[in-house]
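A short write-up of the structure that comes next.
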Amino acid sequence: MRVSYILTAILLLMAGQALAGQTLSVKEAISRALEKNNLVRAAGFNATAARQGVAVVASRYYPALSFEETLAASNAPTQTFMMKLDQGRFTQNDLGNLNHPNTVHDFKTQFVLQQPLYLPSLAPLKKMAAKDAEKSELELEATRQNIAFQTFSLYLDLQKSVARLQAIDRSVSDARENLRLAKVRTAAGVGLRSDELRAGTHHSLVEQQLITFRNNLILARMRLAIMIGLPEDTEFDIPATPDKVSVPLQSDETVRSALENRIELKQSRTELEKSAAAVRLAGSDYLPALGAFASYQLNGKDAPFAADNDAWAAGVTLKWQLFDGFRRDHERYRAIAGRSAAQEMLENSLKDARYQIKESLLRREEAGKRLEVAFHARQDAEETVRLISKRFENSLSTMVELLDAQTVLDQVRANLVETEADHALAGGRVYYSSGTFVKEMLK
7 MRVSYILTAI
17 LLLMAGQALA
27 GQTLSVKEAI
37 SRALEKNNLV
47 RAAGFNATAA
57 RQGVAVVASR
67 YYPALSFEET
77 LAASNAPTQT
87 FMMKLDQGRF
97 TQNDLGNLNH
107 PNTVHDFKTQ
117 FVLQQPLYLP
127 SLAPLKKMAA
137 KDAEKSELEL
147 EATRQNIAFQ
157 TFSLYLDLQK
167 SVARLQAIDR
177 SVSDARENLR
187 LAKVRTAAGV
197 GLRSDELRAG
207 THHSLVEQQL
217 ITFRNNLILA
227 RMRLAIMIGL
237 PEDTEFDIPA
247 TPDKVSVPLQ
257 SDETVRSALE
267 NRIELKQSRT
277 ELEKSAAAVR
287 LAGSDYLPAL
297 GAFASYQLNG
307 KDAPFAADND
317 AWAAGVTLKW
327 QLFDGFRRDH
337 ERYRAIAGRS
347 AAQEMLENSL
357 KDARYQIKES
367 LLRREEAGKR
377 LEVAFHARQD
387 AEETVRLISK
397 RFENSLSTMV
407 ELLDAQTVLD
417 QVRANLVETE
427 ADHALAGGRV
437 YYSSGTFVKE
447 MLK
């Protein structure tokens, strides 16, 4: 076990070293997460376990063969009588001490074969196990979709952290330039000391933000590395701007296709089919069960597997429960109620799915318009700062006006970074709501 842990650690370290210094694309991040993420691997093992559950139920169709070796000793009249009969050693001399026999030993070797011929519960049980396996497969796919989308979101968070750091770097440079101009004007006797102090305060504030944004970048890279199965301290690069995610236009065909691919709807339909099998299982209790059996035994006095005498038996059993205190009726009513609940849950899932798909399309359209506005706002804010800077140099504007314009520019730059990432995330959410995120993102 210790060796396996060491090998796993070595492989993770080698994977991290192989990626260090390279540019990680969003497709590579998603692919690596689907392969290495612990939750995806756990869901895969759960699906394998559920498939074995189907085989477990199917095994009940086959005969069961058992072996048993028993050593018994007794001086009870009935026990000693049967032991000697089984061993073939009962004689007329034993009749005299039948009420007070001596202690008798018996080694019994027995093989028993049991074969179900008709078990009405097996077919619905196998159906329910198959639906459980299908649900586990769907849960695996849902986990894959969820982890892929989370990876995409963390990837965008990392890109936002990079862009924010670049934006705050520009803000620090602008603040440093404003501080330089204020000092030059003060030294030339045309500026105010208060302007220089205000510029210094603004420069200190943006430098504090720079420290925070650097740490945010480290943490964002760490979160993404953990998500995709890399050591948390792995260094890698990503593109500076989010990839464009093209999405289909809103239409009835888009909604219909999405409803066919939604994992939650497939899970609800599978649960409904399982509940129908549960109703059939409850009804099977009203039917008889038929089975066959056969046995062969050896009995010996002195040693195991001795063959002082042998015997066999075979037959057929029919078991039919005639009355059980109305338990079967209540079980059937409970199963029917469960099926009705599953039907209602499916209807609710359909409504939620339609809403979420249309919402994601509307939010994507909204994000596109907000991105266009944010882009123009940055252009306007940059031009405003440029003009006020010129006016400040010519003593036509105050430092307060310049710092106010610079603060607005910093905010607009940060908002543009957020809007670009939100636009990409909204596109991914359309595919995620449609149940096709992995398929579309890995094209």
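If you use the numbering used here, the sequence shown corresponds to residues 7 to 449, in order.
C-beta atoms are modelled at their ideal positions from N, C-alpha and C, and glycine is treated no differently.
Please return the same chain residues whose Cβ sits closer than 6 Å to the Cβ of lysine 166, not counting the five positions on each side in sequence.
The residues are Val423, Ala427.
Can you list, in chain order, the residues of its chain with a C-beta nearer than 6 Å to that of aspartate 316? Leave out the 5 residues immediately preceding and following it.
Leu304.
In its own chain, which residues sit with a C-beta less than 7 Å from the C-beta of lysine 42, not counting the 5 before and 5 after it?
Contacts found: Ile234, Gly235.
Whose C-beta lies closer than 6 Å to the C-beta of glycine 22 among residues of the same chain, with five residues either side of it excluded?
The predicted model places glycine 22 with a pLDDT of 47, which falls under 50 and marks its position as unreliable; any figure quoted below should be read in that light. Excluding sequence neighbours, glycine 22 sits near Leu236, Pro237, Thr240.
Starting from the Cα of glutamine 74, find the closest Cα among Gly374, Phe311, Ile363 and give me that residue.
Checking the sequence, you will find glutamate at residue 74 rather than glutamine. Nearest C-alpha to glutamate 74: Phe311.
Give me whichever residues DSSP pairs with glutamine 120 in a beta bridge.
Answer is Ala70, Phe299.
Mapping DSSP to helix, strand and coil, what is aspartate 112?
The answer is strand: DSSP assigns aspartate 112 an E or B state.
Glutamine 273: which of Ala348, Arg419, Trp318, Glu337 sits nearest, CA to CA?
Closest option to glutamine 273, Cα to Cα, is Ala348.
Could you please give the first and the last residue of the uninterrupted beta strand (DSSP E) stretch that includes alanine 312?
Premise fails: alanine 312 is in no beta strand (DSSP E) and is neither H nor E.
How should serine 281 be labelled, buried or exposed, when 16 other C-beta atoms within 10 angstroms of its C-beta is the threshold for buried?
With 16 or more Cβ atoms within 10 Å of its Cβ, serine 281 is classed as buried.
Give the secondary structure of asparagine 222 by DSSP, where H, G and I count as helix, E and B as strand, and everything else as coil.
Of the three classes helix, strand and coil, the one that applies to asparagine 222 here is helix, per DSSP.
If you pair each beta-carbon of the segment 320-330 with each one of the segment 156-166, do three or more pairs fall below 8 Å?
No contact exists between the segment 320-330 and the segment 156-166.
Grab me the residues of asparagine 3's own chain with a C-beta within less than 6 Å of its C-beta, minus the 5 sequence neighbours each way, in chain order.
Any question about residue 3 goes unanswered here, given that the chain covers just 7 to 449.
Here's the rule: buried if 16 or more other CB atoms are within 10 angstroms of the residue's CB, otherwise exposed. What is glutamine 93?
Its Cβ being crowded by 16 or more others within 10 Å, glutamine 93 is buried.
Check whether the Cβ atoms of proline 83 and glutamine 120 lie closer than 8 Å to each other.
In this structure, glutamine 120 does not lie closer than 8 Å to proline 83 by Cβ.
Which stretch, first to last residue, makes up the alpha helix (DSSP H) that contains isoleucine 269?
Here the alpha helix (DSSP H) through isoleucine 269 covers 269-290.
In the DSSP assignment, find the alpha helix (DSSP H) that holds valine 379 and state where it starts and stops.
Here the alpha helix (DSSP H) through valine 379 covers 333-399.
For the pair the segment 127-136 and the segment 54-73, tell me if three or more CB-CB distances fall below 8 Å.
Flag = yes, the segment 127-136 and the segment 54-73 touch.
Do the segment 287-302 and the segment 382-396 make contact, defined as three or more Cβ pairs closer than 8 Å?
No, the segment 287-302 is not in contact with the segment 382-396.
If you compare alpha carbons, which of Glu372, Glu140, Glu350 is closest to glycine 56?
Reading the sequence as shown, one finds alanine at residue 56 and not glycine. Here the closest residue by C-alpha is Glu140.
Hey, how far is the Cα of glutamate 337 from the Cα of glycine 297?
The alpha-carbon atoms of glutamate 337 and glycine 297 are separated by roughly 24 Å.
Would you report the Cα separation of arginine 435 and methionine 447, rounded to the nearest angstrom?
Answer to the nearest angstrom: the Cα atoms are 11 Å apart.
Please look up how many angstroms separate the CB atoms of aspartate 100 and alanine 78, rounded, as I've assumed it's under 8 Å.
The pair is not a contact, with the Cβ atoms about 17 Å apart (cut-off 8 Å).
Using only alpha-carbon positions, find the residue among His429, Lys132, Leu408 that is nearest to valine 379.
Minimum Cα distance to valine 379 is reached at His429.
Could you say which of Thr29, Leu377, Asp291, Arg340 lies nearest to aspartate 330 if we only look at CA atoms?
The candidate whose alpha carbon is nearest that of aspartate 330 is Asp291.
Give the range of the alpha helix (DSSP H) segment to which alanine 432 is assigned.
Its alpha helix (DSSP H) spans residues 405-440.
Could you tell me if leucine 17 is buried or exposed, where buried requires 16 or more neighbouring beta carbons within 10 angstroms of its beta carbon?
Reliability of the predicted coordinates at leucine 17 is poor, the pLDDT of 45 falling under 50, and no value is obtained from them.
State the beta-bridge partners of glycine 306 as determined by DSSP.
Paired residue(s): Phe113.
With distances taken Cα to Cα, identify the nearest neighbour of threonine 442 among Ile342, Val261, Arg334.
When only C-alpha atoms are compared, the closest one is Val261.
Drop a sphere of 10 angstroms on the beta-carbon of leucine 415, count the other beta-carbons inside from all chains shown, and report buried for 16 or more, exposed for fewer.
Classification for leucine 415: buried.
Out of Ala411, Leu271, Ile363, which one is the CA nearest neighbour of asparagine 354?
Looking at the Cα atoms, Leu271 is the closest of the given residues.
Using three-state DSSP, classify threonine 323 as helix, strand or coil.
It is a strand residue.
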